[in-house]
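Structure, as structure tokens:
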Amino acid sequence: MFFNEDHDSFHSTKPLSEINIIPLVDVMLVLLVLFIITAPLLTPSAVNVDLPEVNSEVRSSSLQSVSVTIDKTGQLFWEAERIGERELVLRLKKLSSLQPQPELHLRADKTTPYQRLAEVMAEAQRAGVTRLGFIMD
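Under numbering that gives the first Met the number 0, think of the first position of the sequence shown as 0, with each following residue one higher.
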């Protein structure tokens, strides 16, 4: 029922002549916010690159590998043999002179300080090792 102010009566069916635009403005503001949030996600990258496809199969390599392990106390192991710093440097130099050069696999305990791992990597680089990999679970 509509209320007509001219006649204090509820029986008049004269429609209101004004449009209530407040709900329309509310909906438009919500849509504007949604577009502002989602627009950056829809724009492609500024640089077009044809990315290579990668399969997840493990490559079988005919190259040999040598494993250097660093335990949680920082001790070094060449394969399963415990070695010191000087011995590591000598073995890394010998490894880098081999052709083809075997891969050096670094294994480190998860509690090993990063500093220790960085020192071993730096020694390998100074010795000329070019193939380095990390072994993890």
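Even glycine gets a Cβ: it sits at the ideal position worked out from N, Cα and C.
Computed from a predicted model, the values in this text were never measured in an experiment.
- The segment 66-77 makes no contact with the segment 28-38: fewer than 3 CB pairs, one atom from each, lie closer than 8 Å.
- With a cut-off of 8 Å on Cβ pairs, the segment 111-118 is not in contact with the segment 87-98, counting fewer than three such pairs.
- Counting along the chain, the unbroken alpha helix (DSSP H) around V29 starts and ends at I21 to L41.
- Apart from sequence neighbours up to five positions away, the residues of its chain that approach I82 with a beta-carbon distance below 8 Å are L75, F76 and R90, ordered along the chain.
- If you check the CB distance, A126 and S96 do not come in under 7 Å.
- Rounded to whole angstroms, the separation of the alpha carbons of V24 and K13 is 26 Å.
- Cβ contact annotation for T110 (same chain, cutoff 8 Å, sequence separation greater than five): K71, in chain order.
- Look at R130 here: in three-state DSSP terms it is coil, with no helix or strand label.
- Just so you know, the alpha carbons of R106 and Q124 end up roughly 16 Å apart.
- S64 sits away from E78, with the two beta carbons spaced by 7 Å or more.
- From the listed residues V32, L15 and H104, the smallest Cα separation to F133 is found for H104.
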